[in-house]
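Peer 1: Residue numbers (this note's numbering): 2 to 219. Ideal placement from N, C-alpha and C gives every residue a C-beta, glycine not left out. Please see the structure below; I have some questions.
If you want it as structure tokens, here you go:
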């Protein structure tokens, strides 16, 4: 299994960087432009394993891009910012049952009520979750991904939004940042979920699960 992690620190003085930061759709297209456009698939993002998350970093706003193929960072516009790619194979190979890890994921925690429930309570087809309901959603997702949570901290984030290129449809995905510690229970399942992403909105900055070994405290 091959995975690559690219860290991009955009220069906020660059017009394209500012434009991309304002739209999850625009950022999606920017990152997809770093890969060949001849992927023989109707779902190139899925085929390339592209997931990303925009977040604060030590040097300012940054973009974490994970992919199954190494991106061509030379395709970024001149002056866009700094970028560095590294393989994730060492991390994937180190995963084992019982290993304590730190995790971070910006996820689209939602519920899809059935038709009867929607009609009875006049609900929408998709309900964004928050508070305890969002925590429970992530706990279930983690367990089915080969993790047992030991700590959990949730922070509501601004929704991932933007207009599709046809201008006829707006994209909006509620996001919650889940962080904490966990124990690995199923490394193989975890590798799969790391590669595929978790939840909805994967094309627009949701679902990228980041792990790091938890440092032992004295």
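Please report the straight-line C-alpha distance between residue 105 and residue 68, rounded to a whole angstrom.
Peer 2: 17 Å
Peer 1: What does a CB cutoff of less than 6 Å around residue 59 pick up in its chain, not counting 5 residues either side in sequence?
Peer 2: none
Peer 1: Give me whichever residues DSSP pairs with residue 104 in a beta bridge.
Peer 2: For residue 104, which the question treats as bridged, DSSP gives the partners 181 and 212.
Peer 1: Exposed or buried, residue 130, counting other C-beta atoms within 10 Å across all chains shown (16 or more means buried)?
Peer 2: Per the 10 Å Cβ criterion, buried.
Peer 1: When the distance is taken between beta carbons, is residue 65 closer than 8 Å to residue 72?
Peer 2: no
Peer 1: Do residue 74 and residue 35 have their C-beta atoms within less than 8 Å of each other?
Peer 2: When the beta-carbon positions are compared, residue 74 and residue 35 come within less than 8 Å of each other.
Peer 1: Assuming contact is defined by CB atoms lying nearer than 8 Å, are residue 177 and residue 134 in contact in what I supplied?
Peer 2: Contact: no.
Peer 1: Helix, strand or coil for residue 122 per DSSP?
Peer 2: A caution first: residue 122 carries a pLDDT of 49, below 50, which makes its placement in the model unreliable, though a value can still be read off. DSSP places residue 122 in helix when its eight states are reduced to three.
Peer 1: Determine whether the beta carbon atoms of residue 12 and residue 99 lie at a separation below 8 Å.
Peer 2: The beta carbons of residue 12 and residue 99 sit no closer together than 8 Å.
Peer 1: Threshold first: 3 residues or longer. Then list the beta strand (DSSP E) segments lying entirely within the region 7 to 64, N to C.
Peer 2: 52 to 58
Peer 1: What are the partner residues of residue 82, as DSSP defines its beta bridges?
Peer 2: 11
Peer 1: Per DSSP, residue 155 forms a beta bridge with which residues?
Peer 2: 179, per the DSSP bridge assignment.
Peer 1: Whole angstroms are fine: how far does the CA of residue 145 sit from the CA of residue 163?
Peer 2: 30 Å
Peer 1: Taking the alpha-carbon positions, what's the residue 62 to residue 55 distance?
Peer 2: When rounded, the separation of the alpha-carbon atoms in residue 62 and residue 55 is 7 Å.
Peer 1: Hey, could you find the ends of the alpha helix (DSSP H) residue 136 is sitting in?
Peer 2: 132 to 145
Peer 1: Answer with buried or exposed for residue 203, where buried requires no fewer than 16 other C-beta atoms within 10 angstroms of its C-beta.
Peer 2: buried
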